[in-house]
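> Would you mind keeping the following structure in view while I ask a few things?
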Amino acid sequence: MKLLIVEDEPGLRDSIREYFTEEGNICEIAANYETAYQKVSVYRYDCIILDITLPNGNGLDIIMTLKANRHPDGVLIISAKNSLDDRLLGLNLGADDYLTKPFHLAELRARLMAITRRKSFDGHQSVVFNEIKMDLAAKAVTVNNVPVKFTRKEYALMLYFIANKEKVISKNAIAEHLWGDEIDVADNFDFIYSHIKNVRKKLIDAGCNDYIHAVYGMGYKFGE
Amino acid sequence: MKLFQIYNRISLFTVVIIILITGIVYYYTISAILTYQIDKDLVVEENEVFDYVKLNHKLPQVFRSTDQQIYFRHANNEVVERRYINTDFKDVKDNENESGRGLISSVIVNNQNYEVRIIESKVETEDLIWIIFLITIALIVLIIATLFIINRVLIKKLWKPFYGTLEQVKQFNLTDKDTITLAGSKIDEFDELNNAVTSMSLRVKDDYKNLKHFIDNASHELLTPVAVINSKLDILIQTNDFNERQSELLGDLYETVSKLTRLNKAILLLSKIENNLITDDAQYVNIKRHIESSLNLFQELFINKNITLKTDLGDAIVMMSKSLLEVLINNLLSNAIRHNNYGGELIVSLNKYHLQIKNTGSETALDSKQIFQRFNKSAQSEGTGLGLTLVQQICTNYNFTLTYTFESPFHIFTITF
């Protein structure tokens, strides 16, 4: 996967790059409007992570350039502006998603995976992790081709885990993903624990390996 | 006491005193002038007597008119001092004593010393003084009456612009969008006051706006560093295995950052609502549907706290922004859950006219004046302290009324549409 990270704040830019740097990913960065503009004019990316408030320019112009040239790059806007107007404007211009700062990198990754999945037209409407297969159209999960019944939240949790496989995900990131960040009852994480317990039990009962590992005090890690 | 009451009192007092003093001065002046006149008459009369004696060498015949009497008395050897006296005047006709003015003098007739006493009635002088007194009283009464009328009619009218200004100042609300508009009056002082009030209100509004801008910008600018901290934490937890102590610390950090984020977002949202900047178009929404989806979202929390949920939801369609409705409902519901007891109860009822959320919780009523204040929260609360302020601000924007009551064991929040 080839990504372009357009972000003027170096701390955030480096974090994103580090989080996405892994085998099979190429992460390029642009710290300002000109660099970003030059890059998108020449190269194609699977997804562009775009901060719209940039020095010397507006990120929205980059989206317009892409759309005017009919480039298929996915665009994920990250912005500190949380007004519906900005969101609608960005999405209407052709951005694929809009994420408000601050966000969890796990959330960014899950959103980005969703975009690239949607963009791939090779019928990949499913996510596969070893013996687990998630059918995105039917919102169904199978383990070794045997269906496992998940609730809506359990399904969302599963998808979130697979998008962030091999990463430690904080409990806060999970809570905000499942319940939204408006709901500030996340001070009680017991219910995350019970959700995860259920998912784990269902997977193991279906003969799946135990991929969910608790990381003491912080969160969970999904992986081998 | 009203200003013009005080003013009237002072002016009335002063005017009455001045009139009284004038009256007294008049009295003395006029009576002095009149006495001087009478004294001159008396001297004329005395001279007549002297002339008569000189000519005839005998005393004139004594006659008594209605206003003048002359008496002669044999004085022998005593020395008669020439002097004026105030004395009684015997009115012959009415046989009454009136006040009079007399001149005592002496005349020698045929080597005989006589005392001459000439007395004139002063009754006319006294009549005059009496009239002056009546005029003075009438003047006082007239002035009081005039002041009273001026007070009632004119001053009320004169002060009208002042009361208009006062009313506007009373209704002045910093967060309102409209400014004070004051009509010009014909009175310079009031115009000056109006100008001062208008410019002050504009200045205050401007300052307030700047302050709000500052808060907005500050909250906004804070979001980026918070985003950096958040992302660095996300990276940090990937790095290695942490021991228990480190993990706990990291968990605490995460929670603090997320609290900071929520707080920041709540401040930004509140300021947006206060400034009517939610441009998300208002539309007809059925509150029932939103409550149902919120309850669905919160269901784990009910189960977790073993809260019994009772609902009685009718349709209620209002015209408002969807996102604000969500904020409203989520805040009320999450409060009702957060402050609930383990195994408590939550009752949500909705109809066309109002939404009511009743929950068990602490045994005592909350201070209904305090709870809607910013950052007012119970010591053990983990919230931002802005939830109810947000709810109230939204209600204010849409002209809903939000009330809190406590009917043991329920805390009840009611929104009337």
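Keeping their order, the protein sequence lines are chains A and B. Each residue of the first sequence is one higher than the one before, starting from 1 at the first, in the numbering used here. Each residue of the second sequence is one higher than the one before, starting from 1 at the first, in the numbering used here. Backbone N, C-alpha and C fix where the C-beta goes; we use that ideal spot for every residue, glycine too.
Do Ile371 of chain B and Ile357 of chain B have their C-beta atoms closer together than 9 Å?
Against a cut-off of 9 Å, the Cβ pair of Ile357 of chain B and Ile371 of chain B comes out as no contact.
> At 9 Å on the CB atoms, spell out the chain A contacts of Asn217 of chain B, in chain order.
By Cβ distance, chain A contributes nothing, its closest Cβ being about 11 Å from Asn217 of chain B, past 9 Å.
> If the cut is a Cβ gap below 8 Å, which residues of chain A does His411 of chain B touch?
Neighbours of His411 of chain B on chain A: none; closest Cβ ~17 Å, over 8 Å.
> Given this structure, state the Cα-to-Cα distance separating Val185 of chain A from Met319 of chain B, to the nearest angstrom.
Reliability of the predicted coordinates at Val185 of chain A is poor, the pLDDT of 48 falling under 50, and the value obtained from them is presented with this limitation in mind. If I take the Cα positions, the gap works out to 28 Å.
> Check Val75 of chain A in the structure and name its three-state DSSP category.
Three-state result, Val75 of chain A: strand.
> According to DSSP, is Phe190 of chain B part of a helix, a strand, or is it coil?
Reduced to three states, the DSSP call for Phe190 of chain B is helix.
> Taking 9 Å as the threshold (beta carbon to beta carbon), is Asp97 of chain A in contact with chain B?
No - not a single Cβ of chain B is within 9 Å of the one on Asp97 of chain A.
> Helix or strand or just coil, what does DSSP make of Thr35 of chain B?
The answer is helix: DSSP assigns Thr35 of chain B an H, G or I state.
> In chain B, what lies closer than 8 Å to Ala218 of chain A by C-beta?
Here the sequence assigns Met to residue 218 of chain A, which means Ala is not the residue at that position. Neighbours of Met218 of chain A on chain B, chain order: Ile237, Phe242, Ser247, Leu250, Gly251, Tyr254.
> Please report the straight-line C-alpha distance between Glu292 of chain B and Asp315 of chain B, rounded to a whole angstrom.
Between Glu292 of chain B and Asp315 of chain B, the C-alpha separation is close to 11 Å.
> Do Thr360 of chain B and Asn341 of chain B have their beta-carbon atoms positioned less than 9 Å apart in this structure?
Yes, they are a contact pair.
> Given 8 Å as the limit, is there contact between the region 199-207 of chain A and the region 110-129 of chain B, that is, 3 or more CB pairs closer than that?
Verdict: no, contact absent.
> Terminal residues of the continuous beta strand (DSSP E) containing Asn97 of chain B?
Note, Asn97 of chain B: beta strand (DSSP E), 96-109.
> Any C-beta of chain B sitting closer than 9 Å to the C-beta of Val215 of chain A?
Answer yes: the Cβ-Cβ gap between Val215 of chain A and chain B drops below 9 Å somewhere.
> Buried or exposed for Asp51 of chain A, please, with buried defined as at least 16 other CB atoms from any protein chain shown within 10 angstroms of its CB.
The residue is buried, with at least 16 neighbouring Cβ atoms inside 10 Å.
> For Lys153 of chain A, would you say it is in contact with chain B, using Cβ-to-Cβ distances shorter than 9 Å as the test?
So, interface residue.
> According to DSSP, is Pro147 of chain A part of a helix, a strand, or is it coil?
It is a strand residue.
> Chain B partners of Ile16 of chain A, CB-CB under 7 Å?
Under the 7 Å cutoff, chain B gives Ser231.
> Secondary structure at Ala138 of chain A, three-state DSSP: helix, strand or coil?
Three-state result, Ala138 of chain A: coil.
> Round the Cβ separation of Met113 of chain A and Ile237 of chain B to the nearest angstrom and send it over; I've been treating them as touching at under 8 Å.
At roughly 20 Å, the Cβ-Cβ gap does not stay under 8 Å, so Met113 of chain A and Ile237 of chain B are not in contact.
> For Ile235 of chain B versus Leu105 of chain A, is the C-beta distance shorter than 9 Å?
Going by C-beta atoms, Ile235 of chain B is nearer than 9 Å to Leu105 of chain A.
> Roughly how many angstroms lie between the CA atoms of Glu166 of chain A and Arg203 of chain B, to the nearest whole one?
Going by the C-alpha atoms only, they are around 58 Å apart.
> Verify whether the separation of the beta carbon atoms of Arg73 of chain B and Tyr114 of chain B is less than 9 Å.
The answer is yes: Cβ separation under 9 Å.
> In chain B, what lies closer than 7 Å to Asn104 of chain A by C-beta?
Note that residue 104 of chain A is His in the sequence shown, not Asn. Within 7 Å Cβ-Cβ: Asn230, Asp234.
> Which residues bound the alpha helix (DSSP H) around Thr256 of chain B?
Per DSSP, Thr256 of chain B belongs to the alpha helix (DSSP H) from 244-274.
> Does Asn56 of chain A come within less than 9 Å of chain B when only Cβ atoms are used?
Output row for Asn56 of chain A: interface = no.
> Can you tell me where the alpha helix (DSSP H) holding Gln168 of chain B begins and where it ends?
Gln168 of chain B -> alpha helix (DSSP H) spans 156-170.
> Less than 7 Å between C-beta atoms, sequence neighbours within five positions excluded: which residues of the same chain meet that for Ile30 of chain B?
Only Leu128, Ile129, Ile132 meet the Cβ criterion.
> Measuring alpha carbon to alpha carbon, tell me which residue in A:Ser41, A:Lys171, A:Pro147, A:Asn145 is nearest Leu157 of chain A.
Nearest C-alpha to Leu157 of chain A: A:Lys171.
> Taking 9 Å as the cut-off, decide whether the C-beta atoms of Tyr45 of chain A and Asp73 of chain A are in contact.
Yes, these two residues count as a Cβ contact at 9 Å.
> Considering only residues of the region 36-102 of chain A, which uninterrupted beta strand (DSSP E) runs meet the minimum length of 3 residues and lie entirely inside it, listed in chain order?
As far as the region 36-102 of chain A is concerned, its whole beta strand (DSSP E) runs of at least 3 residues are 47-51, 74-79, 97-100.
> How many Å lie between Pro102 of chain A and Pro225 of chain B at the Cα?
Their Cα atoms are separated by approximately 9 Å.
> Near Leu270 of chain B, which residues of its chain fall below 7 Å by C-beta distance, leaving aside the five closest residues on each side in sequence?
If we look at Leu270 of chain B and ignore the five residues flanking it on each side, its Cβ neighbours are Leu386, Thr389, Leu390, Gln393.
> Check the Cβ-Cβ distances between Gly11 of chain A and every residue of chain B, and say whether any is below 9 Å.
Yes - at least one Cβ of chain B is within 9 Å of the one on Gly11 of chain A.
> Would you mind sorting Asp135 of chain A into buried or exposed? The rule is 16 or more other CB atoms within 10 Å of its CB.
Under this definition Asp135 of chain A is an exposed residue.
> Under 9 Å, do Glu120 of chain B and Leu42 of chain B count as touching if we go by C-beta distance?
Cβ atoms of Glu120 of chain B and Leu42 of chain B: closer than 9 Å.
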